[in-house]
Each structure stands twice: as C-alpha cells, then as structure tokens.
Amino acid sequence: MNDERISFLLELNQIEYDCHAMLNQEYAALLDDSISEKQLITLNHLEEKGRILTGELAELLNITPSAVSQMLNKLEKKQFIRRYINPDSRREIFVELDQAGIDYLNLNRQIELSIIERFYAKLPWEDLQHLKRIMTQFKEIIISERANRQSADL
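Quick note on numbering: the sequence shown equals residues 1 to 154 in the UniProt record's numbering.
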C-alpha cells in the first residue's frame with residue numbers, strides 16, 4: 001500500500017474516532033461508564049438470544065470460560081445479569097438479562113434514536129445508503145479475514 005493511501009486511511013480512522021469520541025462526550029452523562037465494550041456486547045448477545053450457557057457465551061466472545069466468569073461477576077453485582085443452574089444439567093449455568101441490564105439496553109436504544117434524529121437525519125438519503133453499503137462491505141471483509149485467520153490457526 002502506498003504512503004498516500006495509508007495517509008488517507010489514517011485520516012479516515014481519525015475522523016471515525018473523533019465522531020465516536022464526540023458522541024461519547026455528548027451522551028456520557030446518561031450512560032454507566034463502568035460498563036466495558038465487551039460487557040455491552042455481552043448484554044446485547046443476551047438480549048438477542050434470551051438466555052445462554054456460559055460456555056456458549058465464551059465461544060461467542062472468543063474468550064476463556066474464566067474470563068467470562070469474571071466479567072459476569074461484575075455484571076451480576078450491578079444486577080445487569082442473573083445466573084442460574086440448568087435444571088437438566090447441573091454442571092451448566094444459564095445467563096440472562098436482569099432488570100438493570102434491560103433498562104441499560106433500553107437507554108442505549110433511546111440514545112441511538114437521538115443520534116439518528118440529531119445527526120444522521122441531517123445527511124442526504126443517498127449518502128446514508130452509500131455509507132451503509134460501504135460499512136457492510138467493510139464488515140464482510142472483517143468477517144472474512146477473521147475466518148481466514150481462525151482456519152489458519154487450526
């Protein structure tokens with residue numbers, strides 16, 4: 001890759017970072033800043049799947065069962081999640097959202113709608129469609145590269 005392209009992509013990354021940082025500052029007072037990105041991803045997985053086994057969660061997050069347990073301890077302390085033993089297999093633990101987790105995700109959704117209404121809605125529809133196409137392509141490249149790396153590691 002040539003220097004001009006690298007410089008352009010570094011600038012693009014900086015713009016993305018700046019936008020993310022400004023939005024974080026704008027909405028920081030509303031969010032619990034003690035929630036890590038991995039914890040938020042976990043809450044989103046639980047919302048999507050309902051309940052999940054801790055082992056499945058470790059696989060989804062690509063982290064060790066021990067790391068999942070440590071993270072869940074923190075979320076459980078804040079009542080974001082609850083754990084219970086699988087009645088059919090006492091060696092398995094189910095995890096699901098607790099009320100504070102549901103409330104947190106609802107607040108996140110309200111913030112997301114505010115961002116859409118205040119910022120994205122000011123962009124022309126064609127630009128938004130183009131942005132979606134580009135971000136979808138970028139996501140597909142990341143998925144493909146991750147799959148290639150994982151198959152190479154086997």
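The C-beta atom is built at its ideal place from N, Cα and C for all residues, glycine as well. Values in this document were obtained by computation on a predicted structure and should not be read as measured data.
Using 9 angstroms as the threshold, is the C-beta distance between Val95 and Ile52 below it?
yes
In the DSSP assignment, find the beta strand (DSSP E) that holds Asn62 and state where it starts and stops.
Note, Asn62: premise wrong, no beta strand (DSSP E); not H, not E.
Is there contact between the segment 18-31 and the segment 82-96, where contact requires at least three CB pairs shorter than 8 angstroms?
no
Measuring only the C-alpha atoms, how far is Lys139 from Gln150?
16 angstroms
Please determine if the segment 115-130 and the segment 90-107 are in contact, where contact requires at least 3 C-beta pairs separated by less than 8 angstroms.
no
Take the Cβ of Met71 as the centre, count every other Cβ of all protein chains shown within 10 Å, and call the residue buried at 16 or more, exposed below.
buried
Taking 9 angstroms as the cut-off, decide whether the C-beta atoms of Ile81 and Leu31 are in contact.
no
Out of curiosity, what's the CA-to-CA distance linking Glu145 and Lys132?
20 angstroms
What did DSSP end up calling Asn24 once you bin it into helix, strand or coil?
helix
What alpha helix (DSSP H) runs, 4 residues minimum, are completely inside the UniProt domain "HTH marR-type" (1-140)?
3-27, 37-49, 54-61, 65-77 and 99-118
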